[in-house]
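Student: First, the structure itself, so that you have it in front of you.
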Amino acid sequence: MSAQILDGKATAAKIKADLAERVSRLAAQGITPGLGTILVGDDPGSQIYVAGKHRDCAEVGIASIRKDLPDTATQAEVEAAIDELNADPSCTGYIVQLPLPRHLDTQSLIERMDPSKDADGLHPINLGRLVHMVDAPLPCTPRGIVVLLQEYGVPIKGADVTVIGRGITVGRPLGLLLTRRTENATVTLCHTGTHNLPARVREADIVVAAAGVPGLITPEMVKPGAAVLDVGVSRVDGKLAGDVAPGVKHVAGFVAPNPGGVGPMTRAMLLTNVVEAAERRAR
Ligand SMILES: Nc1nc(=O)c2c([nH]1)NC[C@@H]1CN(c3ccc(C(=O)N[C@@H](CCC(=O)O)C(=O)O)cc3)C=[N+]21
Numbered sequence: 001m002s003a004q005i006l007d008g009k010a011t012a013a014k015i016k017a018d019l020a021e022r023v024s025r026l027a028a029q030g031i032t033p034g035l036g037t038i039l040v041g042d043d044p045g046s047q048i049y050v051a052g053k054h055r056d057c058a059e060v061g062i063a064s065i066r067k068d069l070p071d072t073a074t075q076a077e078v079e080a081a082i083d084e085l086n087a088d089p090s091c092t093g094y095i096v097q098l099p100l101p102r103h104l105d106t107q108s109l110i111e112r113m114d115p116s117k118d119a120d121g122l123h124p125i126n127l128g129r130l131v132h133m134v135d136a137p138l139p140c141t142p143r144g145i146v147v148l149l150q151e152y153g154v155p156i157k158g159a160d161v162t163v164i165g166r167g168i169t170v171g172r173p174l175g176l177l178l179t180r181r182t183e184n185a186t187v188t189l190c191h192t193g194t195h196n197l198p199a200r201v202r203e204a205d206i207v208v209a210a211a212g213v214p215g216l217i218t219p220e221m222v223k224p225g226a227a228v229l230d231v232g233v234s235r236v237d238g239k240l241a242g243d244v245a246p247g248v249k250h251v252a253g254f255v256a257p258n259p260g261g262v263g264p265m266t267r268a269m270l271l272t273n274v275v276e277a278a279e280r281r282a283r
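Here the numbering used here is used: the first residue of the sequence shown is 1, the next is one more, and so on.
So, in structure tokens, the structure goes:
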């Protein structure tokens with residue numbers, strides 16, 4: 001027996017086809033959504049992600065605006081790039097690719113963004129709106145996880161969900177999303193201070209592993225039939241490794257692999273946030 005694959009690549013392709021239609025409806029109103037990216041430095045991983053985002057944009061008809069700054073960029077130079085995108089009417093949404101080089105103050109840069117152009121949903125105003133459960137752009141990875149589970153009919157309402165990782169892009173906002181009345185899951189948010197992680201994983205109907213620890217989730221830890229989503233990325237001997245050990249697929253009911261699972265969904269949700277922001281402007 002092997003788990004059903006939660007195919008993020010195929011699901012993202014469907015979402016992109018729908019977005020392409022919405023973009024052409026906007027075009028009829030004279031509006032072209034535009035995604036901006038700010039990338040600082042030459043981290044190869046970040047370069048690949050940003051290039052992928054611009055390819056996605058071209059696929060659905062979103063304009064893209066790329067601002068690449070050298071590793072040595074100063075705080076003031078990154079601030080200037082943010083100010084330009086805030087002021088640029090052709091940019092309906094943008095992201096600052098994380099992580100930034102250590103000499104930069106990430107927090108103050110994110111707070112400088114216009115919250116209405118925050119395509120990542122990571123501005124404190126938008127995370128605050130998520131806490132308050134009012135409408136706002138949602139963080140891409142958590143939103144992608146919920147949409148992927150829904151696509152495959154994995155029940156979320158009333159489910160026990162164990163999330164491993166308390167980062168600002170995945171774990172914390174995912175806990176907020178899943179505990180809204182509309183999702184109604186019960187969430188256990190685990191982290192490096194968690195005692196007895198195996199017990200927390202064992203009780204879960206849905207496991208989301210976003211710790212960045214290769215092979216952290218082993219088959220013995222997983223409740224038979226559970227949905228296990230691999231969101232971790234680390235490099236082991238130059239190769240990408242997820243948080244979920246290969247044997248888990250023989251115990252789980254559903255597996256979102258890495259690559260091919262949540263990553264493509266994250267990108268599709270970024271595009272969705274950009275199109276939604278343009279639609280809000282069109283109204
Ligand atoms: N401001 C900001 N927003 C982000 O959303 C953000 C970020 N910074 N920094 C880095 C992480 C990482 N991330 C990924 C997105 C998609 C894949 C993805 O599509 N991966 C493919 C494989 C790689 C590929 O095909 O290019 C897959 O899983 O199948 C991976 C990683 C977004 N992040």
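Glycine included, C-beta positions come from ideal geometry on N, C-alpha and C.
(1) Spatial neighbours of Pro137 within its chain, please: CB distance less than 8 Å, with the 5 preceding and 5 following residues excluded, ordered by chain position.
(2) Could you have a look at Ala245 and say whether DSSP puts it in helix, strand or coil?
(3) Please report the distance separating the alpha-carbon of Ala81 from that of Ala20.
(4) Does DSSP classify Lys67 as helix, strand or coil?
(5) Reducing DSSP to helix, strand and coil, say where Thr218 ends up.
(6) By a C-beta neighbour count over all protein chains shown, 10 Å radius and 16 as the cutoff for buried, is Ile48 buried or exposed?
(7) Taking C-beta to C-beta, are Ser232 and Ala211 nearer than 8 Å?
(8) Kindly indicate which three-state DSSP category Asp18 falls into: helix, strand or coil?
(9) Apart from the five residues on each side of it in sequence, which residues of its chain come closer than 6 Å, Cβ to Cβ, to Leu178?
(10) Keeping to the same chain, check which residues put their C-beta closer than 8 Å to that of Leu240; ignore five residues upstream and five downstream.
(11) Counting Cβ pairs, one atom from each stretch, are 3 or more of them under 8 Å apart for the region 98-117 and the region 40-47?
(12) Report yes if the C-beta distance between Ile206 and Ala245 is below 8 Å; otherwise report no.
(13) Which residues does DSSP list as the beta-bridge partners of Arg112?
(14) According to DSSP, is Arg283 part of a helix, a strand, or is it coil?
(15) Is any heavy atom in ligand 1 found nearer than 7 Å to the beta carbon of Leu189?
(16) Going by C-alpha distance, which of Arg267, Gln29 and His54 is nearest Ala282?
(17) State buried or exposed for His123, treating a residue as buried only when at least 16 other CB atoms are found within 10 Å of its CB.
Tutor: Straight from the coordinates:
(1) Gly93, Asp118, Ala119, Asp120, Gly121, Asn126, Asn273, Glu276 and Ala277
(2) coil
(3) 28 Å
(4) strand
(5) coil
(6) exposed
(7) Looking at the sequence provided, one finds Gly at residue 232 rather than Ser. Going by C-beta atoms, Gly232 is nearer than 8 Å to Ala211.
(8) helix
(9) Val161, Ala185 and Val187
(10) Val233, Ser234, Asn258 and Pro259
(11) yes
(12) no
(13) In the DSSP output, where bridge partners are listed per residue, Arg112 has none listed.
(14) coil
(15) no
(16) Gln29
(17) buried
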